[in-house]
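**Student:** Below is the structure I would like to discuss, written out as structure tokens.
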Amino acid sequence: MSKTLINQYKRQGVFRCSHQAHFRFEKSVSVYHVLKEKKCFPQGCIYFLWKCTLLNKGNSCPKKYQHVGRNCFSCKNYFEEKIIHQPEIILDKEGYKKFESDLEEFEEWLEETVGRWVEFSGTINSVKPHFRKIRYGPEGVLNFPGFLISFKEGYLDRIFFKDHIFVTISRKTQQNFKFARGDKVEFKARLRTDRGRIVLEKIRYVEFLHKEDGTCWSSSQALVAKNTGKEFDCQPEKCMMCENGCLLDVVEKTNKSSPIKRHLYCLMGIENPEECVYHLVKKIKNEKELKYSSERESL
Numbered sequence: 096m097s098k099t100l101i102n103q104y105k106r107q108g109v110f111r112c113s114h115q116a117h118f119r120f121e122k123s124v125s126v127y128h129v130l131k132e133k134k135c136f137p138q139g140c141i142y143f144l145w146k147c148t149l150l151n152k153g154n155s156c157p158k159k160y161q162h163v164g165r166n167c168f169s170c171k172n173y174f175e176e177k178i179i180h181q182p183e184i185i186l187d188k189e190g191y192k193k194f195e196s197d198l199e200e201f202e203e204w205l206e207e208t209v210g211r212w213v214e215f216s217g218t219i220n221s222v223k224p225h226f227r228k229i230r231y232g233p234e235g236v237l238n239f240p241g242f243l244i245s246f247k248e249g250y251l252d253r254i255f256f257k258d259h260i261f262v263t264i265s266r267k268t269q270q271n272f273k274f275a276r277g278d279k280v281e282f283k284a285r286l287r288t289d290r291g292r293i294v295l296e297k298i299r300y301v302e303f304l305h306k307e308d309g310t311c312w313s314s315s316q317a318l319v320a321k322n323t324g325k326e327f328d329c330q331p332e333k334c335m336m337c338e339n340g341c342l343l344d345v346v347e348k349t350n351k352s353s354p355i356k357r358h359l360y361c362l363m364g365i366e367n368p369e370e371c372v373y374h375l376v377k378k379i380k381n382e383k384e385l386k387y388s389s390e391r392e393s394l
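Taking the numbering used here, the leading residue of the sequence shown gets 96, the next gets one more, and so forth.
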């Protein structure tokens, strides 16, 4: 019997944080963000809020600045407020103890597996263009290196991984195999992690156990979406579940480092996620097609 694992790094429901950056996620934070990226548990994270005695009281700045910035450091009216945010454990005592044990088991498996070639099998959940934005200051260049395949679960060697797995492929690989949602595949690939995500790359020895007849993404379609799509700095759940919503890696190029953020990219080019009616239109269209088909059968 195979062992079952989930991705403990991307697990929600363990920690909650009151930092305003997490308000759009309802204060929910992943285990990876808390323990690996920010390393803010249990001591909390500390940052300094830039403030101005004049602007705080509603007065105007002598230099006509509207917000406190780096040019204000030498001003006598500038001061900093020390802010400490400490993640809160949502689980009870027994639940957290179980989580620590599961996390240790998961990290032991990761240590043995990352960088190795593994055999994988699973059913494709989605195939979407993989975009990456390199930003130099306010401007950015949107690149299209290939496609991103996602699986809701799958077998990694003898481990049943009951969680999301991602596969990066080139444009040429997609052109050759025409991967589509519903395809059941087997292949070998090298395993790595990306900010807590399990990612397979450099796939080889691909075999289809089942091939869907549905449509698949082509490079030409992806290039059109690249030019007409819309970027958002939020990640609404309905957009993440939509076939036209994909994650966009944004690399901020600075002198010191190149931090990566994840934005949402709408392949349909919808201006506002809250006003999107894509699924409603699709539902109406499907109902009309079903009604038309039923009427033809009754003739």
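Don't be surprised by glycine CBs; every beta carbon is placed ideally from N, CA and C. Predicted model, so just to flag it, every value in this text is computed and none were measured.
1) Spatial neighbours of F118 within its chain, please: CB distance less than 7 Å, with the 5 preceding and 5 following residues excluded, ordered by chain position.
2) DSSP three-state call for E248: helix, strand or coil?
3) In this structure, how does DSSP classify V126 when only helix, strand and coil are distinguished?
4) Using the Cα positions of E281 and V209, report the straight-line distance between them to the nearest angstrom.
5) Is it buried or exposed, L362, if we count other Cβ atoms within 10 angstroms and call 16 or more buried?
6) For Y173, does the three-state DSSP call read helix, strand or coil?
7) Which residues does DSSP list as the beta-bridge partners of S221?
8) Can you tell which of C167, I185, C140 has the C-alpha that lies nearest to the C-alpha of S123?
9) Could you tell me which whole alpha helix (DSSP H) segments of length 4 or greater appear in the region 138-199?
10) Please look up how many angstroms separate the CB atoms of R302 and R285, rounded, as I've assumed it's under 8 Å.
11) Relative to the C-alpha of C170, which residue among K177, K192, K146 is closest?
12) Specify, as a first and last residue, the run of the beta strand (DSSP E) that V280 falls within.
13) Using three-state DSSP, classify S265 as helix, strand or coil.
**Tutor:** The short version:
1) To locate residue 118, count along the sequence shown from 1; it is residue 23. Residue placement at F118 is poorly supported in this model, since its pLDDT is 46, which falls under 50; the coordinates are not used for a value here.
2) One-based indexing of the sequence shown puts residue 248 at position 153. Looking at E248 - three-state DSSP - the assignment turns out to be coil, as it is neither helix nor strand.
3) As a position in the sequence shown, residue 126 is number 31, starting the count at 1. In this structure, V126 counts as helix in the three-state DSSP scheme.
4) Translated into the one-based positions of the sequence shown, residue 281 becomes position 186. Translated into the one-based positions of the sequence shown, residue 209 becomes position 114. Going by the C-alpha atoms only, they are around 19 Å apart.
5) For this step, residue 362 is matched to residue 267 along the sequence shown. The residue is buried, with at least 16 neighbouring Cβ atoms inside 10 Å.
6) As a working note, residue 173 is residue 78 in the sequence shown. It is a strand residue.
7) Here the question's residue 221 lines up with position 126 in the sequence shown. In DSSP, S221 forms a bridge with S245.
8) Locating residue 123 in the sequence shown gives position 28, where the first residue counts as 1. Ranking the options by Cα distance to S123, first place goes to I185.
9) Runs of alpha helix (DSSP H) with 4 or more residues, each lying fully within the region 138-199, are found at 148-151, listed in chain order.
10) Along the sequence shown, one-based indexing puts residue 302 at 207. Along the sequence shown, one-based indexing puts residue 285 at 190. The question names Arg, yet the displayed sequence has Glu at residue 302. With 8 Å as the limit, E302 and R285 do not qualify as a contact, their Cβ atoms being about 18 Å apart.
11) On the sequence shown, residue 170 is found 75 positions in, with the first residue counted as 1. Sorting K177, K192, K146 by C-alpha distance to the C-alpha of C170 places K146 at the top.
12) Start at 1 with the first residue of the sequence shown, and residue 280 comes out as number 185. Residues 279-289.
13) By 1-based counting over the sequence shown, the position of residue 265 is 170. Here S265 carries a strand assignment [DSSP, helix/strand/coil].
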